[in-house]
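Q: Numbering (my numbering), first residue to last: 550 to 705.
For every residue, glycine included, the Cβ atom is placed at its ideal position computed from N, Cα and C.
Would you mind keeping the following structure in view while I ask a few things?
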């Protein structure tokens, strides 16, 4: 799917169901020139994983190198982009883009107490989950399971 940006580099991401505001992407890099996604932003959170290559994930002015198996959480409203640095084929780079409203209604106490502080935090532009870090192993497994569930599109 092509990346659609407006004049402020805001990406338009259509969620197929407003009551379930999450979109799953896979094999996005294959469609992009030089296997590189332009700098852009969106109000939603993003989680992406390097599957087989090495990726340079830029968030703001920082460049984060993701090795195969590493994942990254990018906070909403953060300027970010990605470029594949290694590999003979484009990395499939599964990723999800989702609203905090997926977790809880924006008017709920859960959203206001747990989601909104993250979404409004200037000091939390991203979090990296390294495949080599034993503390991150469970998180990476949960992220991969989320991709699997989104790919299979089972009724819930």
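Just to confirm, are residue 710 and residue 629 a CB contact at a threshold of 8 angstroms?
A: Any property of residue 710 remains undetermined from this structure, which presents the chain solely from 550 to 705.
Q: Give the DSSP-derived three-state secondary structure of residue 559 in the structure shown.
A: Here residue 559 is taken as the residue at index 10 of the chain shown, counted from 1. In the structure shown, residue 559 sits in a strand (DSSP, three-state: E or B).
Q: What distance in whole Å lies between the Cβ atoms of residue 608 and residue 567, which are believed to be in contact at a cut-off of 8 angstroms?
A: Your numbering for residue 567 matches position 18 in the chain shown. Your numbering for residue 608 matches position 59 in the chain shown. Incorrect: roughly 27 angstroms between the Cβ atoms, too far for contact.
Q: So, are the CB atoms of residue 641 and residue 600 less than 8 angstroms apart?
A: Counting from 1 along the chain shown, the entry for residue 641 is found at position 92. Counting from 1 along the chain shown, the entry for residue 600 is found at position 51. Contact flag set, yes.
Q: Would you mind giving the Cβ-Cβ distance between residue 624 and residue 670, rounded to the nearest angstrom? I have them listed as a contact below 8 angstroms.
A: As a working mapping, residue 624 is identified with position 75 in the chain shown. As a working mapping, residue 670 is identified with position 121 in the chain shown. Rounded, the Cβ-Cβ distance is 7 angstroms, consistent with contact.
Q: Hey, how far is the Cα of residue 576 from the Cα of residue 598?
A: Position 27 of the chain shown, counted from the start, is the residue given in the question as residue 576. Position 49 of the chain shown, counted from the start, is the residue given in the question as residue 598. Looking at the two C-alpha atoms, the distance is approximately 11 angstroms.
Q: Measure the C-alpha to C-alpha separation of residue 672 and residue 680 and round it to an integer number of angstroms.
A: Sequence index remark: in the chain shown, residue 672 carries index 123 (1-based). Sequence index remark: in the chain shown, residue 680 carries index 131 (1-based). Each residue's alpha carbon lies about 24 angstroms from the other.
Q: Taking the alpha-carbon positions, what's the residue 665 to residue 593 distance?
A: Indexing the chain shown from 1 puts residue 665 at position 116. Indexing the chain shown from 1 puts residue 593 at position 44. Their backbone Cα atoms lie some 12 angstroms apart in a straight line.
Q: Just checking my contact of residue 582 with residue 552 at CB under 8 angstroms: how many whole Å lie between their CB atoms?
A: Start at 1 with the first residue of the chain shown, and residue 582 comes out as number 33. Start at 1 with the first residue of the chain shown, and residue 552 comes out as number 3. That pair is no contact at about 11 angstroms.
Q: Flag this pair as yes or no: are the beta carbons of residue 604 and residue 632 separated by less than 8 angstroms?
A: Here residue 604 corresponds to residue number 55 of the chain shown, with the count starting at 1. Here residue 632 corresponds to residue number 83 of the chain shown, with the count starting at 1. It is a contact, given that the beta carbons lie within the stated cut-off.
Q: Whose C-beta lies closer than 6 angstroms to the C-beta of residue 619 among residues of the same chain, with five residues either side of it excluded?
A: Taking the chain shown and counting its residues from 1, one reaches residue 619 at position 70. Around residue 619: 599, 679, 680.
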